[in-house]
Each structure stands twice: as C-alpha cells, then as structure tokens.
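Each position in the sequence shown, counted from 1, maps to that position plus 14 in my numbering. See structure below.
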Amino acid sequence: MEKSEQTWPGGTQAPEFGDLQRLVDELFENEPARMVGKLDAIERAQIDDLSEDLLEVIDLLPGGRYGRHALCNQLNSILTAHGWGYTHGTVS
15 MEKSEQTWPG GTQAPEFGDL QRLVDELFEN EPARMVGKLD AIERAQIDDL
65 SEDLLEVIDL LPGGRYGRHA LCNQLNSILT AHGWGYTHGT VS
C-alpha cells in the first residue's frame, strides 16, 4: 500500500506522515542521551523542509532542553491537541 493510500477511520494520512519521527531520529542519531532545545528542533525542521503544519508543531514547543522521551511527549501532546496524530503520526 502506498504511503498516501494508508487510511484511518475518517480520513487519510498526510503525505508528510512520519516526517516528525525522522526529525526526532536525526536529532538523537549520534548521541541518544543528548539534550536538544527548541532551536535545535526548528533548525532541523527547516533543513528537512518540513511542511507548514509540522513547522507549526515544532514552533509550539515550549522553550527548554529536552531528552528524547521528553521531546516526544511534548510533540505528541501538540499533535494530539491539534487532532493530527492519525494524519501526521506520533513520535517515539
């Protein structure tokens, strides 16, 4: 099944489904225990040329430094609040 053909009850996945997971993986690729800030995430998102919706998710991150687990919790909270978990995917 093509990525764009995957569906959930009530809609289809966005073409950028999984892009945030790739961003998280890239942020922690060489140093799994590192801490990253909002600006690190924004920079990586711009390098990866994420969609406007996903840039908005990153922009809504509170300031601070995050380990992988905390960053994923924040991103998933934002995705859930917007109702984008099914269309854009959650992160781990």
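For each residue, glycine too, the CB sits at the ideal point set by N, CA and C. Nothing here was measured: the structure is a model prediction, and the numbers come from that model.
Return the bridge partner residues of residue i from the DSSP annotation.
{"i": "V50", "result": "Y80"}
Does the Cβ-Cβ distance between residue i and residue j come in under 9 Å?
{"i": "L68", "j": "L37", "result": "yes"}
{"i": "I72", "j": "L89", "result": "yes"}
{"i": "Y80", "j": "G99", "result": "no"}
{"i": "A55", "j": "L85", "result": "yes"}
Quick check: the Cα distance between residue i and residue j, rounded to an integer number of angstroms?
{"i": "A28", "j": "G77", "result": "27 Å"}
{"i": "S18", "j": "R48", "result": "With a pLDDT of 46 at S18, under the threshold of 50, the modelled position of that residue is not reliable, and the figure given next carries that caveat. Cα-Cα distance, rounded: 33 Å."}
{"i": "E40", "j": "R82", "result": "11 Å"}
{"i": "S65", "j": "E30", "result": "7 Å"}
{"i": "A95", "j": "T104", "result": "12 Å"}
{"i": "N87", "j": "G25", "result": "24 Å"}
{"i": "F42", "j": "D63", "result": "18 Å"}
{"i": "G97", "j": "E45", "result": "31 Å"}
{"i": "S91", "j": "I61", "result": "23 Å"}
{"i": "E70", "j": "L34", "result": "12 Å"}
{"i": "E57", "j": "T101", "result": "23 Å"}
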